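Chemist: Under numbering that gives the first Met the number 0, residues 0 to 273 are what the sequence shown spells out, in order. Could you have a look at this structure, given as structure tokens, before my questions?
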Amino acid sequence: MLEQPPRSRQTAIRVRLVVREPRIEHSKTFLQTSTHLLVPKPRYTQGPAQPRPVEHHHTPRRRTIIPSQAWLTTTTSRMFTLRAPSTLPSTTPSPSISPPTIPWLSGTWNVTHSTLPMWRKNRNVRITYTPIPSTSPPQLDDLVTYQAIGSDKLKTVVGIDRPFEVPNTTPSVTGGEESASMAYHWRGKGWLMVASSKWEILGYGEEESTGNKWVVTYFAATLFTPAGVDFYSKKGNLTPQTVEGIKAALTALGDVANLAGELFEITMDGDRKD
Numbered sequence: 000m001l002e003q004p005p006r007s008r009q010t011a012i013r014v015r016l017v018v019r020e021p022r023i024e025h026s027k028t029f030l031q032t033s034t035h036l037l038v039p040k041p042r043y044t045q046g047p048a049q050p051r052p053v054e055h056h057h058t059p060r061r062r063t064i065i066p067s068q069a070w071l072t073t074t075t076s077r078m079f080t081l082r083a084p085s086t087l088p089s090t091t092p093s094p095s096i097s098p099p100t101i102p103w104l105s106g107t108w109n110v111t112h113s114t115l116p117m118w119r120k121n122r123n124v125r126i127t128y129t130p131i132p133s134t135s136p137p138q139l140d141d142l143v144t145y146q147a148i149g150s151d152k153l154k155t156v157v158g159i160d161r162p163f164e165v166p167n168t169t170p171s172v173t174g175g176e177e178s179a180s181m182a183y184h185w186r187g188k189g190w191l192m193v194a195s196s197k198w199e200i201l202g203y204g205e206e207e208s209t210g211n212k213w214v215v216t217y218f219a220a221t222l223f224t225p226a227g228v229d230f231y232s233k234k235g236n237l238t239p240q241t242v243e244g245i246k247a248a249l250t251a252l253g254d255v256a257n258l259a260g261e262l263f264e265i266t267m268d269g270d271r272k273d
């Protein structure tokens, strides 16, 4: 007769045969990608451990916040204060501007941009203002010189500028220097004596980066020419920032805003002998 094993042993054997828990395995392999290091998580398996597929994580891009075009236009236009012409209506109140001094305005200016059609066929356009002695308020000799495109010959237009008063101007603190006017009545000399026009200074200043002086003028329509706008520069061309800033400021000046879209750059090649 066979002996039966102790009950406690049978129980132990039964437990060993019946209870089988999945074993937990940890991979010791580190999978390295070009952007990060992956450490596999523990996994449950009945057989040999299988490598986990590589997961690709992408770092989110930084967002570049670009100010709206309207904000840029408003900020830029505030850097250039312009007044509306006295002969045209304006949709917004026109700021008061003090006129420049006669010494500041005198001398030769380059006409860099204009709406006047005749300048499309010409180049190196310059205007020289010279105060006429013993005139009060000061009058100016007005000399325009230019060259036709494809020609070296220098052409001239001569006239006299007589000041007249316009609104939206404030007294100028000149430190003893005579003040110029914000508006002038031009009349030609010689065979151009029958021609006349009015022009006004809409704004003026100096570039912060270069110190170059600039002036914006408006000229009224005549029998020979339409109304328009000119940009002056004392030394060479104006910076693109100045040009765009002035254009933005013009758009707030009522009917002058329409002229801003007609502006073109005048050819300046320096190829002239005075």
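All C-beta atoms in this analysis are idealised placements derived from N, C-alpha and C, irrespective of residue type, glycine included. All of these numbers come straight from a predicted model, not from anything done at the bench.
(1) Quick check: the stretch 104-123 against the stretch 258-265, are at least 3 beta-carbon pairs closer than 8 Å?
(2) Could you check what DSSP says for glutamine 146 in three-state terms: helix, strand or coil?
(3) Got a sec, what are the start and stop residues for the alpha helix (DSSP H) leucine 249 sits in?
(4) Measuring only the C-alpha atoms, how far is methionine 181 from leucine 191?
(5) Between the C-alpha atoms of arginine 135 and tryptophan 103, what's the straight-line distance to the nearest angstrom?
(6) Put proline 102 into one of helix, strand or coil per three-state DSSP.
(7) For the beta strand (DSSP E) containing asparagine 123, name the first residue and the last one.
(8) Could you tell me the alpha carbon to alpha carbon distance between valine 157 and glycine 149, rounded to whole angstroms?
(9) For isoleucine 131, count neighbouring Cβ atoms within 10 angstroms of its own Cβ and tell me buried if that reaches 16, exposed if not.
(10) Is the beta carbon of proline 98 closer than 7 Å to that of threonine 80?
(11) For threonine 63, which residues in the same chain have their Cβ closer than 7 Å to its Cβ, ignoring the five residues on either side in sequence?
(12) Out of Gly244, Trp213, Phe218, which has the shortest C-alpha to C-alpha gap to tyrosine 231?
(13) Using CA coordinates, which residue listed in Ala83, Leu87, Trp108, Ile101 is at the minimum distance from asparagine 211?
(14) When DSSP labels each residue in this structure, what does valine 157 get in the three-state scheme?
(15) What three-state label does DSSP hand asparagine 109 in the structure shown?
(16) Any heavy atom of the ligand GTP closer than 6 Å to the CB of tryptophan 108?
Modeler: This is what the structure gives:
(1) Touching, yes, given that three or more Cβ pairs across the two stretches are closer than 8 Å.
(2) Here the question's residue 146 lines up with position 147 in the sequence shown. Glutamine 146: strand per DSSP, three-state reduction.
(3) Against the sequence shown, residue 249 aligns to sequence position 250. Leucine 249: member of the alpha helix (DSSP H) spanning 239-249, first to last residue.
(4) Numbered from 1 along the sequence shown, position 182 holds the residue referred to as residue 181. Numbered from 1 along the sequence shown, position 192 holds the residue referred to as residue 191. The straight-line gap from Cα to Cα measures roughly 24 Å.
(5) The residue you call residue 135 lines up with position 136 of the sequence shown. The residue you call residue 103 lines up with position 104 of the sequence shown. The sequence shown places serine at residue 135, not arginine. Each residue's Cα considered, the two are about 17 Å apart.
(6) Position 103 of the sequence shown holds residue 102. Looking at proline 102 - three-state DSSP - the assignment turns out to be helix.
(7) Locating residue 123 in the sequence shown gives position 124, where the first residue counts as 1. Where asparagine 123 is concerned, the enclosing beta strand (DSSP E) stretches over 121-130.
(8) Counting from 1 along the sequence shown, the entry for residue 157 is found at position 158. Counting from 1 along the sequence shown, the entry for residue 149 is found at position 150. Between the C-alpha atoms of valine 157 and glycine 149 there is a straight-line separation of about 23 Å.
(9) Residue mapping note: residue 131 aligns to position 132 of the sequence shown, counting from 1. Classification for isoleucine 131: exposed.
(10) Reading the sequence shown from its first residue, position 81 is the one you call residue 80. Reading the sequence shown from its first residue, position 99 is the one you call residue 98. Contact flag unset, no.
(11) Locating residue 63 in the sequence shown gives position 64, where the first residue counts as 1. Unreliable placement is indicated for threonine 63, whose pLDDT of 41 sits below 50; no coordinate value is reported for it.
(12) Numbered from its first residue, the sequence shown carries residue 231 at position 232. Comparing alpha-carbon positions, the option among Gly244, Trp213, Phe218 lying closest to tyrosine 231 turns out to be Trp213.
(13) As a first step, residue 211 is located in the sequence shown; it is residue number 212 there, counting from the start. Of Ala83, Leu87, Trp108, Ile101, the residue nearest in Cα terms is Trp108.
(14) Translated into positions along the sequence shown, residue 157 becomes position 158. In the structure shown, valine 157 sits in a strand (DSSP, three-state: E or B).
(15) Taking the first residue of the sequence shown as 1, we reach residue 109 at position 110. DSSP places asparagine 109 in strand when its eight states are reduced to three.
(16) Because no ligand of any kind appears in the structure shown, any question about the ligand GTP cannot be addressed here.
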